[in-house]
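Contents: one structure, followed by commentary.
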Amino acid sequence: MVANGAHLSAFPNYLPNRPTPTVKLGRTKKSPPPPARRSKAKHREERAHRFIQLNSKRTYPTRRRRRRRPSSRSGAMAAAARRGPGALLLVALLLLALVVSGHCLDAHHRGLKRRRRKHEIHSPIKTVVVVVMENRSFDHILGWLRRTRPDIDGLTGRESNRLNASDPSSPDIFVTDEAGYVDSDPGHGFEDIREQIFGSADTSAVPPPMSGFAQNARGMGLGMPQNVMSGFKPDAVPVYASLADEFAVFDRWFASVPTSTQPNRLFVHSATSHGLTFNARKDLIHGFPQKTIFDSLEENGLSFGIYYQNIPATLFYQSLRRLKHLVKFHQYSLKFKLHAKLGKLPNYAVIEQRYFDCEMFPANDDHPSHDVARGQRFVKEVYETLRASPQWNETALIITYDEHGGFYDHVPTPVVGVPQPDGIVGPDPYYFKFERLGVRVPTFLISPWIDKGTVIHKPNGPQDTSQYEHSSIPATVKKLFNLHSNFLTKRDAWAGTFEDYFKIRRTPRTDCPEKLPEVTKSLRPFGPKEDSSLSEFQVELIQLASQLNGDHVLNTYPDIGRTMTVGEANRYAEDAVARFLEAGRIALRAGANESALVTMRPALTSRASMSSGLSSEL
């Protein structure tokens, strides 16, 4: 056993310290001491004397032939010859080995030099920061900006849904600007979204009517149809209103897949959900194996980092569970501002929110029933931190939402010409082919290279049917950073990209606000409820935490998050992440294979200490 219960098989490079053997070849006699140095005056006197002698005799001095010393190799060979043919053969083999190893070492150093050659980024953007908020539609958050910004495709007030989408006599529920705190979580699973988009189970309409939001919400409680049809006044989301005026907003950015949180979050960094349309235990245990933008960045010698608050959802990607990547996970409160201040943010930074709503640290991800005002303060903090960083003039901040969360949006979701990412079909009973997008979501592009008040509509390619969606992020990073790696899937090869918006200006702006508006009041009339049950997304996070903690092999695993309260889940998740990362660091210090995947074992996991057991798989 090695450090903290880690198995020795996990450490193929671990060997006891041994003395390094040395081989001495050539002469061993001491060299004669060098002659004493002459003074400069004496040297000049001798040169003058010689010059006089040469000119008086008109002859040149005979050059003294220096006795050639045998080389160390010839000396070794001569000594071996005196000892016999066996010694001669041994020395010859040693010399051959030295020559070959010298050539190999030289080739190795040349290869290292090539591999370490710094990747050149020709774009003015050297750092991309990504924030993915939770469960709000474009019209719900930004739709009413249209009153002062007619260039944004927002709400007019005439949009509506019938309570019964198929009944012409059913009452209409019109959009309002009275959005506030929503205690219930509107439907946003695969079936819910199909009903919201098409009004029924029939998905043949082109374009989709976007007629079933009120109908879907009708069975979720009193007032829910009105809640899902409402949007925020701009002064209720002052940070977003300011960002829309100061930088760029996309008004045709869609969720990648018409289903819930986790599949869409997977698309953000990998352009696929690997067939996931809902929670799947096996995938949550083992992690999703697809290639990610993190892998592409590493292949090209660029850096990335994840700044998390209670649990990083990016650990759903299998490749990020490798030992070598665990050092790239940083606690947001300890490292984000520090790295930004020192100018040490990586090329690609992911900022994750607090996903559990607790008294001490309330959630700030905007997921209902969380307070949107907390999310506004979080976005304000991220922006102002970047604005004060010496890296600001080389930074782009992308803020988007994973999916619409069941809230109304009037823009029809694209259902034609959307490519299947990787040939993987979703599970039964729907066998979804990933050939249509989800509902439109709010998305911002923030950088000193972006002009004020920019609105980005439909992209200009790469194909006629291309749209902005979450796969646009890895697609743009590939072009922005000149990555030599291939596209991740057919989806990011198809998705619209926005790198050209950084080329419009010749110099970065100097008038970007240093501070965003203060968020003075809460939209929630009460504080966090730590005794509440978990949302679907929070249950998925706890299942991830159980894998990190080694509890995924227990019989209670499928229900491990179903009986927890929010407060209990938060403590469990934070403890699991701390154990997992600490065990990984211990393994690295002990010499484990840095490409190994870490799997925690519950039998060696102590609830009372940081001592953790792990096994590593290549």
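Each step along the sequence shown adds one to the number in the numbering used here, with nothing skipped, and position 336 is 337. Using N, Cα and C, we set each Cβ at its ideal position, and we do this for glycine too. A quick note: this is a predicted structure, and the numbers were derived from the prediction, not measured.
Between the alpha carbons of P187 and A218 lies a distance of about 7 Å. Listed as beta-bridge partners of D173 by DSSP are R163.
Look at I286 here: in three-state DSSP terms it is helix. With respect to F268, H471 sits close: the two C-beta atoms are nearer than 8 Å. When DSSP reads this structure, S231 sits in a beta bridge with T177. Within its own chain, the residues whose Cβ lies closer than 8 Å to the Cβ of Q464, once the five positions on either side in sequence are excluded, are G418 and W495, listed in chain order. Pairing T490 with D423 gives a Cβ-Cβ distance under 8 Å. C-alpha of T157 to C-alpha of T293: approximately 40 Å in a straight line.
Sorting P514, H411 and V250 by C-alpha distance to the C-alpha of R388 places P514 at the top. DSSP, read as helix, strand or coil, puts V183 in coil.
Taking every protein chain shown into account, the CB of V426 has fewer than 16 other CB atoms within 10 angstroms, so this residue is exposed. In this structure, the beta-carbon distance from E360 to Q310 does not fall below 8 Å. Looking at F445, P420, I447 and P428, the one whose alpha-carbon comes closest to that of F435 is P420. Taking C-beta atoms under 8 Å as the contact rule, P518 and S243 qualify, at a distance of about 5 Å. A check of alpha carbon separations from V129 across F445, E531 and R506 identifies F445 as the nearest. Assignment of L446 by DSSP, reduced to helix, strand and coil, places it in the strand class.
Approximately 5 Å separates the beta-carbon atoms of R441 and F255; this is inside 8 Å, confirming the contact. The Cβ atoms of F337 and T396 lie no closer than 8 Å to each other. With the rule of 3 Cβ pairs closer than 8 Å, the region 365-382 does not count as touching the region 319-335. Counting other Cβ atoms within 10 Å of its Cβ, F527 stays below 16 and is therefore classed as exposed. A residue is called buried when at least 16 other Cβ atoms come within 10 angstroms of its Cβ; V207 does not meet this threshold and is exposed. V578 sits away from L535, with the two beta carbons spaced by 8 Å or more.
Boundaries of the alpha helix (DSSP H) around F538: E537 to N550. For D501, the closest of F139, R492, V478 and F488 by C-alpha to C-alpha distance is V478. Partner residues in the beta bridge of H331, as assigned by DSSP, are Y308. Beta-bridge partners of V250 (DSSP): F445 and V456. Distances from the alpha-carbon of S138 to those of K119, G454 and P259 put P259 closest. The three-state secondary structure of M225, taken from DSSP, is helix. Taking a cut-off of 8 Å for Cβ pairs, the region 481-489 and the region 293-302 touch, as three or more such pairs fall below it. CA-to-CA, the gap between I198 and S170 works out to about 20 Å. Assigned with DSSP and collapsed to three states, T128 falls in strand.
Minimum Cα-Cα distance from L398 among the listed residues H287, V133 and D252 corresponds to V133. If you check the CB distance, S271 and G439 do not come in under 8 Å. Counting every other CB atom within 10 Å of its CB across the protein chains shown gives R563 a total below 16, marking it as exposed. Between I457 and F503, the CB-CB gap reaches or exceeds 8 Å. Exclusion of the five residues before and after D184 leaves P369 and S370 as the residues of its chain whose Cβ lies within less than 8 Å of its Cβ.
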